[in-house]
Amino acid sequence: MYYIILILSIPLAIFAEDRLRLKRADVLENVVIDGQAVQYLNGNVVFEKGSMIINCSKAINIEKTGQGSMIGNVKVVNDNQSITCDSLHYDSPNDVLHGFGNARAWDNDYDLLADTLVYYSNLDSGIARGNAELTQKNQIITSHSIYYAKHTGEDAVSYTAEGNVTILEDERKVTCGLAIYNRKDQTTWLKLDPYVNEKDQTISGSEIILRYKDDVMEHLYIPAQAHVTTLTKGLRETTTNSNDTAATTRSEVQFIDDLTGSSLQGFFDAGQMDSLQVEGMATTLYHVFEDSIYQGKNIASGDTIIMSFEENNLDHIVVSGGSRGEYTPDSVTANIDGQIIYSSEIIDYIVDQEQTDLHGNAKIHYTNMDLDAGFINVDWKTNMLNATPQSNFDSNFTYQKPTILEKGRDPMTGDEMTYNLTSKKGRVTKGRTSADDGFYTGSKIRNQDKETFYIDNSTYTTCDLEVPHFHFASDEMKMINEIR
Numbered sequence: 003m004y005y006i007i008l009i010l011s012i013p014l015a016i017f018a019e020d021r022l023r024l025k026r027a028d029v030l031e032n033v034v035i036d037g038q039a040v041q042y043l044n045g046n047v048v049f050e051k052g053s054m055i056i057n058c059s060k061a062i063n064i065e066k067t068g069q070g071s072m073i074g075n076v077k078v079v080n081d082n083q084s085i086t087c088d089s090l091h092y093d094s095p096n097d098v099l100h101g102f103g104n105a106r107a108w109d110n111d112y113d114l115l116a117d118t119l120v121y122y123s124n125l126d127s128g129i130a131r132g133n134a135e136l137t138q139k140n141q142i143i144t145s146h147s148i149y150y151a152k153h154t155g156e157d158a159v160s161y162t163a164e165g166n167v168t169i170l171e172d173e174r175k176v177t178c179g180l181a182i183y184n185r186k187d188q189t190t191w192l193k194l195d196p197y198v199n200e201k202d203q204t205i206s207g208s209e210i211i212l213r214y215k216d217d218v219m220e221h222l223y224i225p226a227q228a229h230v231t232t233l234t235k236g237l238r239e240t241t242t243n244s245n246d247t248a249a250t251t252r253s254e255v256q257f258i259d260d261l262t263g264s265s266l267q268g269f270f271d272a273g274q275m276d277s278l279q280v281e282g283m284a285t286t287l288y289h290v291f292e293d294s295i296y297q298g299k300n301i302a303s304g305d306t307i308i309m310s311f312e313e314n315n316l317d318h319i320v321v322s323g324g325s326r327g328e329y330t331p332d333s334v335t336a337n338i339d340g341q342i343i344y345s346s347e348i349i350d351y352i353v354d355q356e357q358t359d360l361h362g363n364a365k366i367h368y369t370n371m372d373l374d375a376g377f378i379n380v381d382w383k384t385n386m387l388n389a390t391p392q393s394n395f396d397s398n399f400t401y402q403k404p405t406i407l408e409k410g411r412d413p414m415t416g417d418e419m420t421y422n423l424t425s426k427k428g429r430v431t432k433g434r435t436s437a438d439d440g441f442y443t444g445s446k447i448r449n450q451d452k453e454t455f456y457i458d459n460s461t462y463t464t465c466d467l468e469v470p471h472f473h474f475a476s477d478e479m480k481m482i483n484e485i486r
């Protein structure tokens with residue numbers, strides 16, 4: 003008999019722990035409605051179920067069905083989890099709590115606010131609707147609805163946020179229509195018109211995937227329709243002449259740098275942007291400043307564009323695969339005559355040095371001048387071009403001696419060339435050119451103007467062979483091309 007009583011007492015104990023029990027109330031009224039006993043409770047009402055304690059001002063409890071409604075200063079405490087709201091309905095058999103009005107759920111790792119809240123107590127998960135706001139791991143997530151779950155052993159919740167989603171993290175702001183965060187992988191999927199804004203930069207795409215490591219941004223990926231805009235600011239100088247006196251004024255200007263492509267990857271260092279890589283029909287528009295003074299704009303395109311950053315400032319741009327660009331000087335401050343069009347296998351723009359390196363099959367067109375070479379360096383500070391036959395970036399690039407062609411002249415080739423875009427003067431090392439029916443060579447060829455050239459260690463011949471059968475030689479030669 004003793005053993006039978008012991009066995010029966012076990013399920014009774016479990017049942018007692020499993021049901022919602024009234025612990026206390028100032029006023030208790032029992033009534034029968036439709037044959038069912040209903041408790042009306044008032045004043046300092048306390049319920050208990052297992053480790054869960056519910057406090058409220060008033061309550062209606064149907065003990066048989068395990069359904070309870072609590073009103074006024076409702077607070078639920080379950081181990082380290084807490085909930086507060088204006089009113090609460092508790093479906094005890096299914097362990098589901100419905101909170102209404104100023105609902106809040108929190109523990110040591112997260113804090114969730116909403117107009118209404120559905121909370122599954124056994125799973126530590128729920129649904130927040132209406133002005134939902136989740137705070138965790140230095141982030142504030144707001145949206146119309148947030149579906150969340152905290153899994154065993156994790157120190158933050160996984161969630162799906164829907165409708166007007168905003169994620170704030172330090173100086174970074176994310177907006178989208180749908181955000182899905184997986185705590186285990188520390189990955190956030192941004193869908194439905196996603197944008198990532200930080201300082202003066204905005205990143206957008208078909209969707210954006212953010213990956214974190216130790217809760218710090220590590221990687222960003224856009225599979226399609228990648229677009230980046232950056233606000234740049236500086237000054238524009240304007241010089242006016244009055245009564246033989248020049249006056250220079252400065253005014254503030256701002257532009258939008260633009261980067262587009264099929265896909266994009268962003269790499270971060272300690273949460274700060276380190277580099278961007280755009281692939282597929284990549285195009286960038288960036289504005290050039292020298293000592294904060296606006297100089298002009300550059301448009302470059304290619305299969306791939308890589309941008310590197312130093313302390314959040316653009317440091318390097320590398321364009322590869324069918325690379326070409328156009329530089330348009332500012333019409334107000336320009337000291338060069340027109341647009342510069344350039345192309346090469348790889349375009350490397352070093353922002354802080356204001357230089358562009360054209361590697362492999364390099365070409366530049368400027369007003370009436372065309373320059374081809376294996377490698378060309380453009381110094382935008384001095385407006386100097388330096389051309390050599392071979393790029394040191396990749397030995398597989400074609401060896402190509404610099405060749406310059408100016409309108410009305412025969413081509414000139416050499417081992418090395420320099421050309422000033424402002425003065426339109428240049429110099430050729432070990433150069434060769436033709437004029438009328440003859441050919442000229444020299445260790446150095448430089449022009450004084452469009453018609454006059456000076457040649458050091460020169461030769462002249464009418465033989466078109468690389469090593470002519472005969473020639474005239476001179477230490478110095480002056481060649482004048484008459485305009486006819």
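In this note's numbering, the protein residues as written are 3 to 486. Using N, Cα and C, we set each Cβ at its ideal position, and we do this for glycine too. These numbers were taken from a predicted model, which means no experiment stands behind them.
Around the beta carbon of threonine 86, a 10 Å sphere encloses 16 or more other beta carbons of the protein chains shown; the residue is thus reported as buried.
Beta-bridge pairing by DSSP links isoleucine 210 to Leu192. Just measuring C-alpha positions, the residue of Thr424, Tyr401 and Ser425 sitting nearest glycine 416 is Tyr401. Shown here for proline 413: same chain residues with a beta carbon closer than 6 Å to its own, the five before and five after excluded, namely Thr405 and Leu407 in chain order. Straight across, the Cα-Cα distance linking asparagine 82 with valine 320 is about 53 Å. Of the residues assessed, glutamine 341 falls on the exposed side of the cut-off, its CB having fewer than 16 other CB atoms within 10 angstroms. Note on geometry: alpha-carbon atoms of glycine 101 and threonine 67 lie some 19 Å from one another. The beta carbons of serine 393 and aspartate 359 sit closer together than 9 Å. For valine 176, the enclosing beta strand (DSSP E) starts and ends at 174-184. DSSP places aspartate 20 in the helix class (H, G or I) of the three-state scheme. Looking at the DSSP output, leucine 233 shares a beta bridge with Ile258. Put simply, of Asp172, Thr177, Asp113 and Gly304 the residue whose alpha carbon is nearest the alpha carbon of tyrosine 150 is Asp113. In the DSSP assignment, aspartate 381 falls within the unbroken beta strand (DSSP E) covering 371-381. Non-local C-beta neighbours of arginine 213 in its own chain, meaning closer than 6 Å and more than five positions away in sequence, comprise Thr189, Glu220 and His221, ordered along the chain. Counting C-beta pairs closer than 8 Å gives three or more between the region 299-309 and the region 276-288, which meets the contact rule. For isoleucine 56, the enclosing beta strand (DSSP E) begins and ends at 54-64.
Secondary structure note for tyrosine 149: its beta strand (DSSP E) is the uninterrupted segment 141-151. Where aspartate 271 is concerned, the enclosing beta strand (DSSP E) starts and stops at 265-271. Counted as a single uninterrupted DSSP element, the stretch harbouring phenylalanine 399 is not any beta strand (DSSP E), since DSSP gives it neither H nor E. Secondary structure at lysine 215: strand, using DSSP grouped into helix, strand and coil. Inclusion of leucine 125 and alanine 105 in the CB contact set at 9 Å is not warranted, their separation being larger than that value. Non-local C-beta neighbours of isoleucine 142 in its own chain, meaning closer than 7 Å and more than five positions away in sequence, comprise Glu135 and Leu170, ordered along the chain. Alanine 228 is not a Cβ neighbour of glycine 273, given a cutoff of 9 Å. Residue pairing for lysine 427: DSSP places it in no beta bridge.
If you ignore the 5 residues before and after lysine 60, its C-beta comes within less than 6 Å of the C-beta of Asn44, Ile73 and Gly74, all in its own chain and listed in chain order. In the DSSP assignment, the residues bridged to aspartate 359 are Asp350 and Asn379. Residue environment for glycine 37: exposed (fewer than 16 other C-beta atoms within 10 angstroms of its C-beta). Ranking Ile148, Asp157 and Ser147 by CA distance to the CA of aspartate 109 puts Asp157 first. Taking 8 Å as the upper bound for CB-CB distance, serine 322 and isoleucine 348 are in contact here, some 5 Å apart.
The C-alpha of glycine 207 is placed about 24 Å away from the C-alpha of arginine 326. Comparing alpha-carbon positions, the option among Tyr288, Ala375, His361 and Asn314 lying closest to aspartate 332 turns out to be Tyr288. Membership of glutamate 328 in the beta strand (DSSP E) is indicated by the continuous run 315-331.
Taking all protein chains in view, the Cβ of glycine 428 is crowded by 16 or more other Cβ atoms within 10 Å, so the residue is classified as buried. Between the C-alpha atoms of asparagine 133 and aspartate 88 there is a straight-line separation of about 16 Å. Per the DSSP secondary-structure output, arginine 252 pairs in a beta bridge with Glu239. In this structure, the CA atom of threonine 204 is about 55 Å from the CA atom of isoleucine 64.
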